[in-house]
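Here the sequence shown is numbered in my numbering, starting from 25 and rising by one per residue.
All C-beta atoms, glycine included, are put in the ideal place defined by N, C-alpha and C.
Here's the structure we're looking at; comments come further down.
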Amino acid sequence: MSQPDVIYQTDALIAQDIDAYLETHQHKTMLRFITCGSVDDGKSTLIGRLLYDSKMIFEDQLAALESDSKKVGTQGAAIDFALLVDGLAAEREQGITIDVAYRFFNTEKRKFIVADCPGHEQYTRNMVTGASTADLAVILIDARKGVLVQTRRHSYLCHLLGIRNIVLAVNKMDLVDYSQARFDEIVADYGAFAASIGIEAFTALPISGFAGDNVTQPSANTPWYTGPSLIAHLEAVPVRGADDLARPFRMPVQWVNRPNLDFRGFSGLIASGTIKPGDIVRVLPSGKTSTVTRIVTLEGDLDQAQAGQAVTLCLADEIDCSRGDVIALADAPPEAADQFDATLVWMADEALTPGRAYWLKLGTQTVSATVRAPKYVVNVNTMEHLAAKTLELNAIGVAEVVTDKALVYEPYAQSRALGGFILIDKITNATVGAGMLNFCLRRA
Ligand code: GDP
Numbered sequence: 025m026s027q028p029d030v031i032y033q034t035d036a037l038i039a040q041d042i043d044a045y046l047e048t049h050q051h052k053t054m055l056r057f058i059t060c061g062s063v064d065d066g067k068s069t070l071i072g073r074l075l076y077d078s079k080m081i082f083e084d085q086l087a088a089l090e091s092d093s094k095k096v097g098t099q100g101a102a103i104d105f106a107l108l109v110d111g112l113a114a115e116r117e118q119g120i121t122i123d124v125a126y127r128f129f130n131t132e133k134r135k136f137i138v139a140d141c142p143g144h145e146q147y148t149r150n151m152v153t154g155a156s157t158a159d160l161a162v163i164l165i166d167a168r169k170g171v172l173v174q175t176r177r178h179s180y181l182c183h184l185l186g187i188r189n190i191v192l193a194v195n196k197m198d199l200v201d202y203s204q205a206r207f208d209e210i211v212a213d214y215g216a217f218a219a220s221i222g223i224e225a226f227t228a229l230p231i232s233g234f235a236g237d238n239v240t241q242p243s244a245n246t247p248w249y250t251g252p253s254l255i256a257h258l259e260a261v262p263v264r265g266a267d268d269l270a271r272p273f274r275m276p277v278q279w280v281n282r283p284n285l286d287f288r289g290f291s292g293l294i295a296s297g298t299i300k301p302g303d304i305v306r307v308l309p310s311g312k313t314s315t316v317t318r319i320v321t322l323e324g325d326l327d328q329a330q331a332g333q334a335v336t337l338c339l340a341d342e343i344d345c346s347r348g349d350v351i352a353l354a355d356a357p358p359e360a361a362d363q364f365d366a367t368l369v370w371m372a373d374e375a376l377t378p379g380r381a382y383w384l385k386l387g388t389q390t391v392s393a394t395v396r397a398p399k400y401v402v403n404v405n406t407m408e409h410l411a412a413k414t415l416e417l418n419a420i421g422v423a424e425v426v427t428d429k430a431l432v433y434e435p436y437a438q439s440r441a442l443g444g445f446i447l448i449d450k451i452t453n454a455t456v457g458a459g460m461l462n463f464c465l466r467r468a
């Protein structure tokens with residue numbers, strides 16, 4: 025799904041550091057995860073500890089932190105990890121996190137990108153942005169408070185957005201005397217809810233981000249807990265890439281690379297599968313086929329490329345292919361359709377106007393689309409389906425979406441790249457909704 029508002033905070037890593045980081049740890053697999061929870065559940069503290077323990081902190085930041093924590097930090101803490109993450113960001117002044125911040129760290133086994141998602145209810149949009157690319161979600165719970173409306177809401181969104189690895193981190197265990205009874209109670213509570221929305225499995229951990237229990241090391245304070253520490257679990261879960269690799273080849277075309285009359289290539293990020301020179305591909309929606317002659321990258325030509333790589337493909341024939349088209353394995357192409365059943369998350373103050381035309385962006389395709397009145401909206405507290413005429417801010421509902429041109433798509437459950445979309449207001453250019461295509465109602 026597109027990410028409209030991704031920011032790289034200056035107090036995390038800047039772009040060149042990200043490149044250097046990715047290069048240094050190239051041989052390791054990468055896990056993308058998000059942290060969710062209500063305000064004050066301890067997300068910033070936990071992320072701060074993960075970064076600190078993996079030494080991904082700049083020294084000048086550390087110095088500033090030590091003096092800062094003396095001034096405003098939580099009493100008694102030598103270093104307040106929450107300050108480390110929040111840094112000088114405006115969120116500290118406002119008291120709430122308002123945008124997704126991506127941070128990078130690594131261990132000996134794996135590299136990680138964590139999207140720090142806001143806890144405040146009105147920022148569903150940021151959560152959806154962060155969750156749409158994540159392999160795993162850490163749902164934080166304050167052990168004193170237990171499962172809250174926000175916990176349910178975030179878990180539901182994570183599940184909807186296709187995250188299959190859910191970690192229930194019962195935090196602030198130090199404040200409930202590391203009570204196993206309290207932990208078990210919360211896990212049972214969450215388990216009942218999780219089952220009701222179709223979450224088949226989750227991993228529960230008793231932690232204290234503040235004191236460090238079970239974050240990077242097993243804790244002597246919880247002898248009754250025999251599972252892995254949070255970091256050991258994050259190092260061991262399967263990454264999503266494996267699914268994408270096993271599926272047929274698809275590459276949405278980002279642009280046509282034609283520097284001179286002798287070279288014409290199609291550039292994009294491979295969404296799924298693998299490709300080699302000699303493979304027969306089909307360009308959609310036209311349906312024309314051709315053979316791949318070269319796979320060009322900045323590092324030279326490749327013998328094979330796979331999901332997650334950005335490449336330029338050269339084809340044997342001069343066929344029509346432009347931005348928004350999808351190049352796919354000839355024998356197993358995706359469908360094109362112009363009417364869909366979709367799940368929508370509404371993100372604008374102004375409610376959805378059924379029948380009004382919005383821009384719909386799906387990968388590199390942009391078409392005009394209308395949304396019909398919702399079939400239902402979901403009450404995230406009770407999971408009931410309720411009748412509704414529109415979608416208000418933060419509402420999650422199911423509706424028919426009709427596009428003015430055929431979209432090459434796959435159901436979101438199979439492909440985030442070809443099944444996730446955003447809706448844009450044609451006048452203000454603001455992103456007003458995010459959606460997932462469930463199934464097609466009319467083939468094009
Ligand atoms: P966020 O709003 O979810 O990012 O929460 P913060 O990380 O800012 O934490 C909110 C407050 O809870 C701060 O005062 C933290 O020091 C405190 N806190 C976070 N984790 C723990 C913990 O495990 N134990 C205790 N005792 N306090 C914690």
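- If you check the C-beta of phenylalanine 364 against the ligand GDP, you find no heavy atom less than 7 angstroms away.
- Taking C-beta separations shorter than 8 angstroms and ignoring five residues to either side along the sequence, the partners of histidine 178 in its chain run Cys60, Gly61, Cys141, Met151, Ala161 and Ile163, following chain order.
- Excluding the 5 residues flanking it on each side, aspartate 303 has same chain C-beta neighbours closer than 6 angstroms at Val316, in chain order.
- If you look at glutamine 389, you'll find it in the beta strand (DSSP E) that goes 389–395.
- Linking threonine 455 to serine 296 through their CA atoms gives a straight-line distance of about 26 angstroms.
- Assignment of glutamine 174 by DSSP, reduced to helix, strand and coil, places it in the helix class.
- Leaving aside the five residues that flank alanine 360 on each side, the residues in its chain whose CB is nearer than 8 angstroms to its CB run, in chain order, Leu308, Pro309, Ala430, Leu431, Val432, Tyr433, Arg467 and Ala468.
- With a contact defined as Cβ atoms closer than 8 angstroms, proline 435 and asparagine 462 qualify at about 6 angstroms.
- The C-beta distance from leucine 384 to threonine 427 rounds to 6 angstroms, short enough to fall under 8 angstroms.
- In this structure, the alpha-carbon of alanine 155 lies about 20 angstroms from that of threonine 69.
- Distance from the C-beta of phenylalanine 234 to the nearest heavy atom of the ligand GDP is below 7 angstroms.
- In this structure, serine 68 has its beta carbon less than 7 angstroms from a heavy atom of the ligand GDP.
- When secondary structure is reduced to three states using DSSP, arginine 347 falls in the coil class, being assigned neither helix nor strand.
- Cβ neighbours of tyrosine 202 within its own chain (closer than 6 angstroms, five residues either side excluded): Asn245 and Thr246.
- Apart from the 5 residues on each side of it in sequence, aspartate 267 has no Cβ closer than 6 angstroms to any other Cβ in its chain.
- Closest by C-alpha distance to glycine 66, out of Arg127, Leu184, Met54 and Ala167, is Ala167.
- In the structure shown, lysine 67 adopts helical secondary structure according to DSSP, grouped into three states.
- Asparagine 418 carries a coil assignment under DSSP once its states are collapsed to helix, strand and coil.
- Of the other Cβ atoms in all chains shown, 16 or more fall within 10 Å of the Cβ of proline 398; this residue is therefore buried.
- Between leucine 258 and phenylalanine 136, the gap from beta carbon to beta carbon is short of 8 angstroms.
- In this structure, valine 335 sits near valine 320, with a CB-CB distance shorter than 8 angstroms.
- In this chain, the beta strand (DSSP E) harbouring isoleucine 165 covers 160–166.
- For the ligand GDP, no non-hydrogen atom lies closer than 7 angstroms to the CB of aspartate 373.
- Below 8 angstroms, enough C-beta pairs join the segment 183–194 and the segment 213–232 to call them touching: three or more.
- In the three-state scheme derived from DSSP, where H, G and I count as helix and E and B as strand, aspartate 198 is classed as helix.
- If the five residues before and after histidine 409 are omitted, its C-beta is found closer than 7 angstroms to the C-beta atoms of Tyr400 and Val402, all from its own chain and listed in chain order.
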